[in-house]
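Have a look at the structure below, then the notes.
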Amino acid sequence: MHQIHAGMGAILHDRGVSFRVWAPHAKSVRVIGSFNDWKPDALPMLPEENGYWAVDTPDAKPGDEYRFAIDTGEEMLNRIDPYAKQVTNSVGNAVVYQDNFDWGQDHFVCAALNELVIYELHVGSFAKSGVEKPGTLDSARERLGYLAQLGINAVELMPVQEFAGDLSWGYNPSHPFAVEGAYGGPDALKRFIQAAHEHGIAVILDVVYNHFGPSDLDLWRFDSWHEGEGGGIYFYNDWRAETPWGATRPDYGRPEVRQYLHDNAMMWLREYRADGLRYDATVYIRKVNGAADPTGDLPDGWSLVQWINQTVRDQFPGKVLIAEDLQNNEYLTKATAEGGAGFHAQWTANFVHPLRQILTTPLDEHRSMQSLVDLLSATFNGDPFQKLIYSESHDEVANGKARVVQEVDPANPESWYARKRATLGSAITLIAPGTPMLFQGQEFLTPGWFEDSDPLDWSRAERFSGIVALHRDLIHHRLNRSGKTRGLTGSHLEVTLLNEEQKLLSAIRRHTGGAGDDTVIVLNASANGAVGVELRFPSPGLWRLRLSSAAMIYDPDFGGQVRDVEAGETARVNVPPYALLIFSQD
Numbered sequence: 007m008h009q010i011h012a013g014m015g016a017i018l019h020d021r022g023v024s025f026r027v028w029a030p031h032a033k034s035v036r037v038i039g040s041f042n043d044w045k046p047d048a049l050p051m052l053p054e055e056n057g058y059w060a061v062d063t064p065d066a067k068p069g070d071e072y073r074f075a076i077d078t079g080e081e082m083l084n085r086i087d088p089y090a091k092q093v094t095n096s097v098g099n100a101v102v103y104q105d106n107f108d109w110g111q112d113h114f115v116c117a118a119l120n121e122l123v124i125y126e127l128h129v130g131s132f133a134k135s136g137v138e139k140p141g142t143l144d145s146a147r148e149r150l151g152y153l154a155q156l157g158i159n160a161v162e163l164m165p166v167q168e169f170a171g172d173l174s175w176g177y178n179p180s181h182p183f184a185v186e187g188a189y190g191g192p193d194a195l196k197r198f199i200q201a202a203h204e205h206g207i208a209v210i211l212d213v214v215y216n217h218f219g220p221s222d223l224d225l226w227r228f229d230s231w232h233e234g235e236g237g238g239i240y241f242y243n244d245w246r247a248e249t250p251w252g253a254t255r256p257d258y259g260r261p262e263v264r265q266y267l268h269d270n271a272m273m274w275l276r277e278y279r280a281d282g283l284r285y286d287a288t289v290y291i292r293k294v295n296g297a298a299d300p301t302g303d304l305p306d307g308w309s310l311v312q313w314i315n316q317t318v319r320d321q322f323p324g325k326v327l328i329a330e331d332l333q334n335n336e337y338l339t340k341a342t343a344e345g346g347a348g349f350h351a352q353w354t355a356n357f358v359h360p361l362r363q364i365l366t367t368p369l370d371e372h373r374s375m376q377s378l379v380d381l382l383s384a385t386f387n388g389d390p391f392q393k394l395i396y397s398e399s400h401d402e403v404a405n406g407k408a409r410v411v412q413e414v415d416p417a418n419p420e421s422w423y424a425r426k427r428a429t430l431g432s433a434i435t436l437i438a439p440g441t442p443m444l445f446q447g448q449e450f451l452t453p454g455w456f457e458d459s460d461p462l463d464w465s466r467a468e469r470f471s472g473i474v475a476l477h478r479d480l481i482h483h484r485l486n487r488s489g490k491t492r493g494l495t496g497s498h499l500e501v502t503l504l505n506e507e508q509k510l511l512s513a514i515r516r517h518t519g520g521a522g523d524d525t526v527i528v529l530n531a532s533a534n535g536a537v538g539v540e541l542r543f544p545s546p547g548l549w550r551l552r553l554s555s556a557a558m559i560y561d562p563d564f565g566g567q568v569r570d571v572e573a574g575e576t577a578r579v580n581v582p583p584y585a586l587l588i589f590s591q592d
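For what it's worth, this note's numbering labels the leading residue of the sequence shown as 7, then goes sequentially.
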């Protein structure tokens, strides 16, 4: 008898492969695969404690395909390994995967939240590899140089776990441990992350723990047992199973399922060297019916998230944990020791929704500058960088909503108004206290709405090269890469002008203060330029114009000339329409 090695799934070692699976209601389990001609009786597994089964064989090797044949006493089931790191496809076979990827000298460390600019990316549409095929991780990797030149220092990948079919947003994971085959599989993800690190870009992976599937889901009634209409051992089998995506919520109270999800999170950080995780729809992990049901709390879901996040903080310091909750609940980003969930940041409804309202309101007189102040000033637990802020995301530009340029001018999303207000939205996002995020193609004014089958039109990057340059320069100043705008990395925001009539706002952004730190931002949310606006500056002297979003170098139609100003306590500044200005001292 060969030694059975520790671990779950297919555990490759020097003398063969050990297999282990959890199937507590099985009468017997066998491993069938290409290495034993799929013979149903070739490799019986031995029962272990708590419903686990395991076996070791010298016959299996990397690349072999396999399944678990589960005898329930009433039926025979062939199941894909729940821990499979590679599958032939979502309804195919598990593959014995060998992790021998050479990471070389990769010792990348993600930037702190206050110095992070994130770019949300959908692999299948970001860099499509052919007319009929979705983009892959390798084709996306070829665009990393572009993102580095843009100034991006983190990408957030929409889910890359194996899903049904070849086209999907990714929020329907069939095999949570496997990387989507149409995207290139596990080694392609490692190549992408390694190359991103070489470009100075962190990679944050989107994980879906609020539900599985619901299609192509071998986890469903995995060993046949279930109660009522429930999904069996991996799922709640009562009213707690219901989600907007099907009755497939994992059973957060079952120790084996908790370990399964914990193992999954650790795998992405340890084996793939991801720099962080973004949890999808955490409100459906902590509540049965989301925000709609204040009485339907799921304490087991909350404690599971706390356990995973605290492990990450303890074992992987510097990794980023982000919640998409959108309920503005400060406890998501409180420390677990204080009863919080332990996330570092959360997607922020009290930023994106009022900002899009400001940008898309047709008439200037209906635009609320106080609303703008409120969204700029909001924090979680007194820390603005716990807010992940954006004007576009995959959710905000789909499901009945569209890109900002499309919302501003549905008839002509390339109109002056559409261009001006969309770039104003990007500018506000990138200078606001918070952790900013752009959605793919936002930097070249992609119109319409997001679809997984609709590839980005990269010709727009050339057509709107000036707008791309504007985003590049905004990111440059947001990250203080010239050493002149450190204030944009700080928490301080002091509003010095709020003019509802002219739709003007001015504020001081500060880290610790002084020349090269204090940064004055001026914003006009009106189609009318303002002349000779008296503004307060933190100190006397020459204040240099670092950026005007109205500069003609970005778009010949923008046309708004602004100069450096000599300030006493105040100075007069011309503010072009729908524009943002940045001033600082040397």
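Beta carbons: idealized from backbone N, C-alpha and C, even for Gly. Being a predicted model, the structure only gives us computed values, none of them experimental.
- Taking the Cα positions, L150 is about 42 Å away from A577.
- Between R484 and L436, the CB-CB gap stays under 7 Å.
- For N580, the enclosing beta strand (DSSP E) starts and ends at 576–581.
- Rounded to the nearest angstrom, the Cβ distance from A467 to Q508 is 35 Å, too far for a contact under 8 Å.
- Pairing G39 with E81 gives a Cβ-Cβ distance that is not under 7 Å.
- R516 has H498 as its beta-bridge partners, per DSSP.
- Within the region 234–289, the runs of alpha helix (DSSP H) at least 4 residues long that lie entirely inside it are, in chain order, 261–276.
- In the DSSP assignment, Q321 falls within the alpha helix (DSSP H) that extends over 305–321.
- In this structure, the beta-carbon distance from P165 to D222 does not fall below 7 Å.
- Linking R469 to V411 through their CA atoms gives a straight-line distance of about 15 Å.
- The DSSP assignment places complete beta strand (DSSP E) segments of no fewer than 3 residues inside the region 50–112 at 58–63, 71–77, 82–85, in order along the chain.
- Under the 8 Å Cβ criterion, the region 315–322 does not count as touching the region 377–384, having fewer than three qualifying pairs.
- Within the region 313–397, the beta strand (DSSP E) runs of at least 3 residues that lie entirely inside it are, in chain order, 326–329, 351–353, 393–395.
- In this chain, T429 is not harboured by any beta strand (DSSP E); it is covered by the alpha helix (DSSP H) spanning 422–437.
- Where R478 is concerned, the enclosing alpha helix (DSSP H) starts and stops at 471–484.
- As summarised for the region 140–205, the continuous alpha helix (DSSP H) elements at least 4 residues long and confined to that stretch are 143–147, 150–156, 191–204, given in chain order.
- Per DSSP, reduced to three states, the secondary structure at V214 is coil, with no helix or strand assignment.
- Only exposed fits I559, as fewer than 16 other CB atoms lie within 10 angstroms of its CB.
- Annotation: the continuous alpha helix (DSSP H) that includes V129 extends over 129–132.
- DSSP, read as helix, strand or coil, puts L586 in strand.
- Judged by DSSP secondary structure, E449 falls outside any alpha helix (DSSP H); it is assigned neither H nor E.
- Taken atom to atom, the span from the alpha-carbon of F25 to that of N106 is near 19 Å.
- Excluding residues up to 5 positions away in sequence, P140, D172 lie with their Cβ nearer than 6 Å to the Cβ of A188 in the same chain.
- Residue burial is scored here from C-beta neighbours: P544 has at least 16 other C-beta atoms within 10 angstroms and is therefore classed as buried.
- Bounds of the beta strand (DSSP E) holding V526 are 525–530.
- Around H482, the same chain offers G157, S488 as residues with beta carbons nearer than 8 Å, after the five sequence neighbours per side are excluded.
- When DSSP reads this structure, K293 sits in a beta bridge with D303.
- Relative to R516, the option among L529, R492, N534, I210 whose CA is nearest is R492.
- For the set Y242, Y266, Q265, L510, the Cα lying nearest the Cα of M375 is the one of L510.
- Counting along the chain, the unbroken alpha helix (DSSP H) around V410 starts and ends at 410–414.
- By the CB criterion at 7 Å, L394 and M443 fall inside the cutoff.
- Out of D370, V528, G522, the CA that lies nearest to the CA of A513 is found in V528.
- Listed in chain order, the non-local C-beta contacts of F41 below 6 Å within the same chain comprise D65, A66, D70, local neighbours out to five positions each way being set aside.
- Residue pairing by DSSP places H19 opposite G22 in a beta bridge.
- In the three-state reduction of the DSSP assignment, N505 falls in the strand class.
- In this structure, A556 sits near A585, with a CB-CB distance shorter than 7 Å.
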